[in-house]
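One structure below.
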Amino acid sequence: MTSLPALLLLALGLTLAEAQLRLYNLRASDLPSDLLGTSDGYVQVYSGSTYLGKTAVRKNDPDPWWEEEFQHFKAKEGDELKLEVYDQDLLFHDLVGVCQRQMKLGTHTHDCYLEKGGVLTYTYTLDDINQ
2 MTSLPALLLL
12 ALGLTLAEAQ
22 LRLYNLRASD
32 LPSDLLGTSD
42 GYVQVYSGST
52 YLGKTAVRKN
62 DPDPWWEEEF
72 QHFKAKEGDE
82 LKLEVYDQDL
92 LFHDLVGVCQ
102 RQMKLGTHTH
112 DCYLEKGGVL
122 TYTYTLDDIN
132 Q
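So the sequence shown is numbered by our numbering: it starts at 2 and just counts up by one.
Right, here's the structure in full:
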């Protein structure tokens with residue numbers, strides 16, 4: 002969903018300023034167990050329609066912390082940040098939950114309650130590179 006100020010800028014033929022996104026400090030708590038035991042969690046990261054990558058799989062850990070950081074140099078304020086949390090299994094990777102939020106300038110830490118249980122906590126910084 003686009004914000005009203007963004008629509009006004011687009012209507013005037015202007016573009017939103019590009020920004021630098023840094024996503025870090027991804028951690029989860031109380032990820033649900035599956036039939037084979039505790040969760041083998043990982044996270045896939047998207048900025049707008051751009052796939053930024055995924056974390057390593059943390060095996061047998063209901064409270065994983067991921068060291069990876071993700072950066073995107075063409076992010077825009079108002080773009081959607083999407084984090085998909087999965088449990089890796091032998092045949093299928095079960096989607097535990099999706100966190101989606103429109104990005105704002107500055108540094109923000111959020112807790113996201115996952116559909117199948119557990120909480121994903123993450124921090125992102127969105128800096129205006131045109132300042």
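For every residue, glycine included, the Cβ atom is placed at its ideal position computed from N, Cα and C.
- Your pair residue 59 and residue 41 checks out as a contact, with CB atoms roughly 7 Å apart and the cut at 8 Å.
- A straight-line Cα-Cα distance of about 31 Å links residue 88 and residue 20.
- Under the criterion of beta carbons closer than 8 Å, residue 81 and residue 44 do not qualify as touching, at roughly 15 Å.
- Distance between residue 39 and residue 65, taken at the CA atoms: about 11 Å.
- Classified as exposed, residue 107 has fewer than 16 neighbouring CB atoms from the shown chains inside 10 Å of its CB.
- By the C-beta density criterion, residue 54 is exposed, having fewer than 16 other C-beta atoms within 10 angstroms.
- In the three-state DSSP reduction, residue 77 falls in the strand class (E or B).
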